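Start counting the sequence shown at 0; every next residue gets the next number (numbering that gives the first Met the number 0). Quick notes on the structure that follows.
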Amino acid sequence: MGGTTLHGIGVTGDIVVAPVFVMLEVELGQRTGAGPDAEDAALREAISTSVAALEQLAATVEGEAAEILEFQAVLLDDEDMLEPVWRAIAAGASADDAWRTIMDHEIAEYAEGEDEVFRARAADLRDLRDRVLRALHASEEGADRPTEPSILVASDLPPSVFLEIDPALVSGVALGEGSRTSHVALLARARGVPMVVGMGALPDDIARHTGASGVLDPEAETMTIGPDPGALDAARERMAAAADLAARASFLTDRPALTAGGMPVTVLINVDHPSIVDDLDPAICDGIGLVRTEFLFERGAPGEDSQYESYRKLVLWADGRPVTLRTLDAGGDKPIPGITLDGETNPFLGVRGLRLSMRLEEIFDTQLRAMARVAALGPVKIMVPMVTAPDEIAPVRTRLEAVIADLAARGVDHGHPQLGMMVEVPAAALSAELFDVDFYSIGTNDLIQYATACARDNRDVAALARGDHPGVLRMIDAVAQAGVERGVEVSVCGDMASDPEGVDRLLASGVRVLSAAPAQVGRVKVRIAESKISDGDG
Ligand code: PEP
Ligand code: MG
């Protein structure tokens with residue numbers, strides 16, 4: 000491509016061509032210390048200025064963005080955390096030393112946390128530390144902002160700084176640090192800003208590139224500064240095609256999906272965390288095809304009421320559309336400390352999903368109870384993961400019936416959810432008609448990994464793990480056929496249903512219900528609209 004190409008991790012968005020704007024980290028000076036009273040007063044003022052700024056910013060955003068800012072504002076009000084700072088100042092420390100010391104300590108604790116969500120908080124704390132330091136120095140440092148729509152290039156971009164920049168001026172973001180789960184990545188996804196992170200240390204002379212032309216390509220996971228004219232033209236063409244597709248996708252997003260042959264297709268969404276529906280209009284889908292309930296277990300097994308509240312939120316959001324709740328799918332790529340077994344030689348082939356739930360009777364019954372209760376509020380389906388043998392279904396049905404009988408005996412409101420299975424084990428796919436379930440949902444992520452013997456978390460074998468492998472397609476055909484034979488629904492909730500080529504294959508196999516990642520719904524509907532398939536095909 001010419002120019003300098005930096006390689007990172009593509010987070011979100013389409014290719015974008017725009018001028019580069021390099022945001023440099025500014026070294027903040029050091030206060031000499033004006034005595035305990037003056038330092039105490041200076042820090043208190045810096046904190047209240049920061050709280051005011053965060054609150055003002057929080058009022059302009061919603062959802063996750065507001066949550067991050069509120070978390071920061073609440074910390075600044077935490078007297079327990081601040082206590083050692085005041086003590087250090089009273090003992091003669093300067094305001095910035097005292098503040099930096101306690102914040103660095105907190106940041107280190109979060110950064111060493113076991114879970115990724117916790118670790119992502121460390122970046123929020125760094126952001127907060129620097130905001131207060133800037134206020135303490137009453138400086139304009141860090142206030143360097145683009146004046147035209149640009150690709151921001153920086154080592155890191157704290158969430159609150161990202162939110163302060165006029166979105167119209169941010170064509171894309173390329174960062175040296177960060178991961179797909181960092182908070183700034185989450186915000187970029189929510190705002191639809193193309194982003195590449197994790198590019199490593201930026202070149203020493205990066206600052207001189209402000210104003211150069213840039214190509215940010217999240218799909219290729221690259222950021223190119225100063226590409227040659229041919230590459231720039233090619234990138235512009237791809238950008239125009241992507242914009243055209245995005246416009247069609249946005250037009251179709253909240254319309255019912257129909258093929259060009261006039262056949263309706265049901266499009267559901269996958270929910271990894273209830274907060275993702277905060278900014279979503281339920282009109283974009285025909286329901287929720289998969290709720291990955293693992294989020295509830297991040298800090299150990301949750302109680303019945305807190306689970307009920309999470310499910311209730313989704314059922315109310317769906318407003319009469321069906322909601323498919325999957326029981327805990329721990330193990331394999333989703334280990335949960337304290338719940339999954341330690342020391343298995345191959346956890347992907349071990350006690351995961353339903354196999355684990357059947358050993359954790361108390362936890363399983365609690366989850367089924369919360370699900371049956373929420374079924375009083377709308378159409379709820381229950382789905383069990385990693386089902387292998389036909390005789391695994393009857394014990395689950397018996398448990399569910401016992402839970403419902405208990406709720407009825409105690410006069411607790413409840414419904415009678417359908418019971419379905421995820422089809423993700425090849426042996427189950429090839430004998431699907433033998434399972435006494437009310438619906439099938441094909442988990443192509445696991446089905447492909449088990450059918451092709453390629454671990455889903457191993458990049459080195461990713462090229463072999465293909466949904467269009469004839470062996471995988473035969474399994475999908477077999478499940479679709481079992482659905483027809485038994486007169487029950489067959490959906491697909493694995494990533495293949497979010498991928499345009501996958502959509503073609505699935506429709507050709509006779510699948511008529513797709514459950515996709517929310518961000519992909521528009522594109523899935525574009526692909527459906529382009530399909531020639533009509534009733535009677537597939
Ligand atoms: C799948 O395996 O395709 C699936 C949808 O479940 P998960 O990705 O949560 O394992
Ligand atoms: Mg799975």
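Don't be surprised by glycine CBs; every beta carbon is placed ideally from N, CA and C. Keep in mind the model is a prediction, meaning the values are calculated, not measured.
Backbone CA spacing between residue i and residue j [nearest angstrom]
| i | j | result |
| --- | --- | --- |
| D304 | S49 | 36 angstroms |
| T180 | A119 | 7 angstroms |
| L151 | G171 | 6 angstroms |
| L289 | Y310 | 12 angstroms |
| V489 | M194 | 35 angstroms |
| L23 | R247 | 37 angstroms |
| A515 | G229 | 36 angstroms |
| A241 | M102 | 43 angstroms |
| R144 | V160 | 10 angstroms |
| L124 | E105 | 8 angstroms |
| E147 | A121 | 31 angstroms |
| E139 | A45 | Confidence in E139 is poor, its pLDDT being 46 and thus under 50, which makes the residue's placement unreliable; the coordinate value appears in the next sentence. Spanning the two alpha carbons is a distance of roughly 14 angstroms. |
| R188 | D277 | 14 angstroms |
| A507 | L168 | 43 angstroms |
| I338 | Y307 | 20 angstroms |
| G357 | A97 | The question names Gly, yet the displayed sequence has Met at residue 357. One C-alpha to the other measures close to 52 angstroms. |
| R396 | L359 | 16 angstroms |
| V10 | I67 | 19 angstroms |
| R190 | P217 | 15 angstroms |
| G414 | G319 | 14 angstroms |
| E61 | A518 | 18 angstroms |
| D39 | I88 | 6 angstroms |
| A219 | A481 | 39 angstroms |
| V487 | A393 | 17 angstroms |
| E500 | L244 | 15 angstroms |
| P346 | I335 | 12 angstroms |
| T223 | V196 | 13 angstroms |
| I475 | R237 | 33 angstroms |
| F294 | Y109 | 19 angstroms |
| L355 | D165 | 48 angstroms |
Buried or exposed by the 16-neighbour rule on C-beta atoms within 10 Å, applied to residue i
| i | result |
| --- | --- |
| P384 | buried |
| E63 | buried |
| E538 | Nothing about residue 538 can be reported from this structure: the residues present for the chain run from 0 to 537 only. |
| H182 | buried |
| V149 | Checking the sequence shown, residue 149 turns out to be Ser, not Val. Under this definition S149 is a buried residue. |
| S47 | exposed |
| R539 | Summary: the structure shown does not reach residue 539, with the chain confined to residues 0 through 537, and so no result is reported for it. |
| V436 | buried |
| K380 | buried |
| S497 | buried |
| S249 | exposed |
| D126 | buried |
| A206 | exposed |
| S533 | exposed |
| T323 | buried |
| T221 | buried |
| T258 | buried |
| D280 | exposed |
| P469 | exposed |
| P157 | buried |
| A282 | exposed |
Proximity test, Cβ basis, 8 angstroms: residue i and chain D
| i | result |
| --- | --- |
| R485 | Judged by its chain identifiers, the structure shown contains no chain D, having just a single protein chain. |
Rounded distance between the beta-carbons of residue j and residue i, thought under 8 angstroms
| i | j | result |
| --- | --- | --- |
| T292 | L348 | Not really, about 22 angstroms apart at Cβ, beyond 8 angstroms. |
| D95 | R30 | 5 angstroms |
| L367 | R398 | 6 angstroms |
| V491 | L513 | 6 angstroms |
| D503 | R473 | Actually they do not touch by this definition, with Cβ atoms about 17 angstroms apart. |
| I51 | L135 | A quick correction: the sequence has Ala, not Ile, at residue 51. Rounded, the Cβ-Cβ distance is 15 angstroms, inconsistent with contact. |
| V411 | R372 | 6 angstroms |
Check whether residue i and residue j have beta carbons under 8 angstroms apart
| i | j | result |
| --- | --- | --- |
| D204 | L174 | no |
| V270 | K524 | no |
| Y449 | P425 | yes |
| I447 | V483 | no |
| A65 | E54 | no |
| A329 | R351 | yes |
| V19 | T209 | yes |
| R455 | M382 | no |
| I287 | L313 | yes |
| N444 | G493 | yes |
| G225 | G2 | yes |
Listed in chain order, which residues are found with a beta carbon closer than 5 angstroms to a heavy atom of the ligand MG? E423, G442, D445
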